[in-house]
Structures are given as C-alpha cells and as structure tokens.
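Asks: Below are the structure tokens for one structure; questions will follow.
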Amino acid sequence: MNDDLTTLRALRPNTAPPSTEARTAAHAALMERAASSAPVRGRTRRLRPSRVGLRLAVAGGLATAAAAVTVAVGLGGADGDNGPRTVPTSGPVADVQTVLYQAANRTGSRPFTPPRPGQWTYLETRYTSPGKPPIGGVQTPKSPLKTRVDRLWTRIDGTRVAQYDHGRLTVAPTGAGAMPPVDYGSVTKIPLDPDALIAWAKKGAPAGVRPGSPADASDAQTFGILASLLNDNLVPPRQEAAVYRAMAKIPGVTLERRTVDVAGRPALAVSRIVEGYLRQEVLLDRTSYAYLGERSVVVKDHTGDAGTGGNGTWKVEKGTIDVFSVRLAAAFVDKPGQRP
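Every number in this note's numbering is 1024 more than the matching position in the sequence shown, counting from 1.
Structure representation (structure tokens):
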C-alpha cells in the first residue's frame, strides 16, 4: 500500500492533500457501505423548562398534562440475539463528524414531497421532564417525571398556529421573528452552506450571546439553535443535511459513548455542553439516521436563581433529566386539527 501511494504521489506531485472534511466524508461513506452489509438485530415528543432558555411554545403556550409518571431511559445496547448491538461510539471529534456526515448524506437523499400552498405542518411530540424546579427545591435523578404529548399545527407560510387548549382547538397568529424559525417557509430559506448556517445561527442568537461573546458560550448557543430547529420543524432534506454538516463544525460537539433508548429505538446521541451544566443531545436513529428527538441531562450539580424580579435559588443534581422529547409524528396536513 505504501509503495502504491508513493507511486501516485510521484505521478501527481502538485496535487493538494484532501481536506479534513473530505477525508471525514469519505470515511463516513465507507462506514455506511460497510454497515449496510451487516444486518443489525433489535427493535426496529415542545416543553422545555425555563432554565434551558429556549422557547416553550408559540402564541400563548400549550396545555400541560398534570399526571406525574416515571420514565425509564435505557443507556447502552445489549449484545446478543435478543437486543440491539452496542453502537461503536467513542466520543472523539472524528467519530461525531463521521456520524454527522453520514446523517447528512442519508438525509439529503431521502424522498420528500413539499407541501402545497395553504397546508399546515403537524408535529406531535412527547415531552418528559421534572418541570421547573421550585424555589428552594432540589431536583435529583430520582425526582418524579411528568409526561405530556403536544400536538401543534403551524401554517406553512408562518402566519398562524393551532393547538388544543383544554379540548378546544385554538388558532392564533404566530407573530414574527422567531429564532429559530418555526414555519416551513422560513426553514427553506436557511443557508445550505455549513459555515454560512453557523454564521446565521450566531447572528440570530439571543441578546447576550452574540458574535464576540466567549467562544464556548457562542458555540453552545449555536448548537442549541440548530437542535431547536430540528425539534420544532419538519425540516426538508437539504436543510436538515445542512444542519448536520454545520453541527460537525461546531467545537465541543461529541458523540456519546452509549446509546439512548428512544421509545424502543436505539439512538445515537450527538451532544454538546450548554449553559455549563447541561448536556444537550440530538437523538438520531442508529441505522437510518432519522431524527428521533432530543434530551438534556444535568452533567454537574448546579444552583440557579429565580431570575428577573424573583428571589431565591433552586438546585439540580448531576444525572437529572432536564427534558426528554420524542417525536411521535410529523407531516403536512390540509387544516388545523387534522392528523396524519
């Protein structure tokens, strides 16, 4: 092999070496072809606590289910005939880049039928969370979790949004300027070049996290905006592929060493530390790379304050699930209230 490479270099001495991105993409394609020849055994969800700093909903909020339930989150796959194999993830940047480029390649080539004028985007998402910690309270990995299912319709031109509130379908204006956007028309206009997409996300970051902010805070906010873009929209293939390529270029993005069980589907977790104490994970199907949802987990003990106009503090302990969202359905429909 070395002799062959020496010969090739001699034949083309002025050829520049491939870029890191090109090598990573080539490796991803190779790994995908290898994976396709080996069958994988096994089985083949927007509420966010205010401390995450991301929008809870559009136009007045969504109805909340009050019942508390305990949800088991499976970490790690089981080797053997009756369970999913352990995914070969190890955390280094090269690995997460490989996964993200694979996801981009697979996503960008999937069949897609754009919506017709006047249609609505329907998203059904299950959220599991302990909720906002009470002032003076402490949340731990053993805190009871609450689960609810949100069903949201957004007109593709971004002018109106619909949701059920105590059993009644309510339609209201969406307002303007959401970041990231939550309507199909705006999502189709995001940059497709990964560097341009990163710059777009940084420019639209909330006040206080702008270009020129400490690099880690800016990079964390960029990752959070792109993750929310996926969570809050039915993103077309080309734009979704662009998101994954952009994530691959954000410093600090890693691939978790263990799989996450998302409603019986083993998922890869592409993650980054945000706000200094949360690991925000974008969850992708292990074989198809389909978007499954996201999860945030507390990675170190943290004390927060009540915010503007409040007094007191709250605490969360390492290992606490902050929020776990699972996408149950995503489709274009003809009218609010209609489900696929």
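No residue lacks a Cβ here, since even glycine has one placed at the ideal position from N, Cα and C.
1) Taking the straight line between their C-alpha atoms, what separation do you get for P1157 and V1298?
2) Counting Cβ pairs closer than 8 Å, one from the region 1159-1168 and one from the region 1179-1193, do we hit at least three?
3) Can you confirm whether the region 1133-1144 touches the region 1162-1171 when touching is taken to mean that 3 or more C-beta pairs between the two stretches lie within less than 8 Å?
4) Considering only their Cβ atoms, is the gap separating T1246 from I1274 smaller than 8 Å?
5) Which class does G1132 belong to by DSSP, given the choice of helix, strand or coil?
6) Taking only three categories from DSSP, how would you classify V1082?
7) Would you mind reading off the limits of the alpha helix (DSSP H) that contains D1219?
8) Where DSSP assigns a beta bridge to T1145, which residues make up the other side?
9) DSSP on T1094, reduced to helix/strand/coil?
10) Nearest-angstrom Cα distance between P1135 and D1329?
11) Check for me: the beta strand (DSSP E) holding E1318 runs from which residue to which?
12) Would you check if the distance between the CB atom of V1120 and the CB atom of V1277 is smaller than 8 Å?
13) Given a cut-off of 8 Å, decide if A1127 and Y1268 are closer than it, judged by their beta-carbon atoms.
14) Using C-beta distances below 6 Å, list every residue in its chain close to V1350, excluding the 5 sequence neighbours before and after it, in chain order.
Replies: So, from the data block:
1) The count along the sequence shown starts at 1 and reaches residue 1157 at position 133. The count along the sequence shown starts at 1 and reaches residue 1298 at position 274. A direct Cα-to-Cα measurement between P1157 and V1298 gives close to 18 Å.
2) Contact check between the region 1159-1168 and the region 1179-1193: fewer than three CB pairs, one atom from each, fall below 8 Å, which does not count as touching.
3) No contact exists between the region 1162-1171 and the region 1133-1144.
4) By 1-based counting over the sequence shown, the position of residue 1274 is 250. By 1-based counting over the sequence shown, the position of residue 1246 is 222. In this structure, I1274 sits near T1246, with a CB-CB distance shorter than 8 Å.
5) Indexing the sequence shown from 1 puts residue 1132 at position 108. Assignment of G1132 by DSSP, reduced to helix, strand and coil, places it in the helix class.
6) Your numbering for residue 1082 matches position 58 in the sequence shown. Its pLDDT being 33, under 50, V1082 is placed unreliably in this model, and the coordinates cannot settle the point.
7) Residue 1219 sits at position 195 when you count from the first residue of the sequence shown. For D1219, the enclosing alpha helix (DSSP H) begins and ends at 1218-1227.
8) Taking the sequence shown and counting its residues from 1, the one referred to as residue 1145 is at position 121. Bridge partners of T1145: T1178, F1356.
9) As a position in the sequence shown, residue 1094 is number 70, starting the count at 1. Residue placement at T1094 cannot be trusted, given a pLDDT of 24 that sits under 50; what the coordinates show is reported in the next sentence. Look at T1094 here: in three-state DSSP terms it is coil, with no helix or strand label.
10) Within the sequence shown, numbered from 1, the residue matching residue 1135 stands at position 111. Within the sequence shown, numbered from 1, the residue matching residue 1329 stands at position 305. Those two C-alpha atoms are separated by around 47 Å.
11) Within the sequence shown, residue 1318 is the residue found at index 294, counting from 1. Note, E1318: beta strand (DSSP E), 1315-1322.
12) Indexing the sequence shown from 1 puts residue 1120 at position 96. Indexing the sequence shown from 1 puts residue 1277 at position 253. Against a cut-off of 8 Å, the Cβ pair of V1277 and V1120 comes out as a contact.
13) In the sequence shown, counting from the first residue as 1, residue 1268 sits at position 244. In the sequence shown, counting from the first residue as 1, residue 1127 sits at position 103. Yes.
14) Your numbering for residue 1350 matches position 326 in the sequence shown. Around V1350, the same chain offers R1069, R1150, V1286, A1287, G1317 as residues with beta carbons nearer than 6 Å, after the five sequence neighbours per side are excluded.
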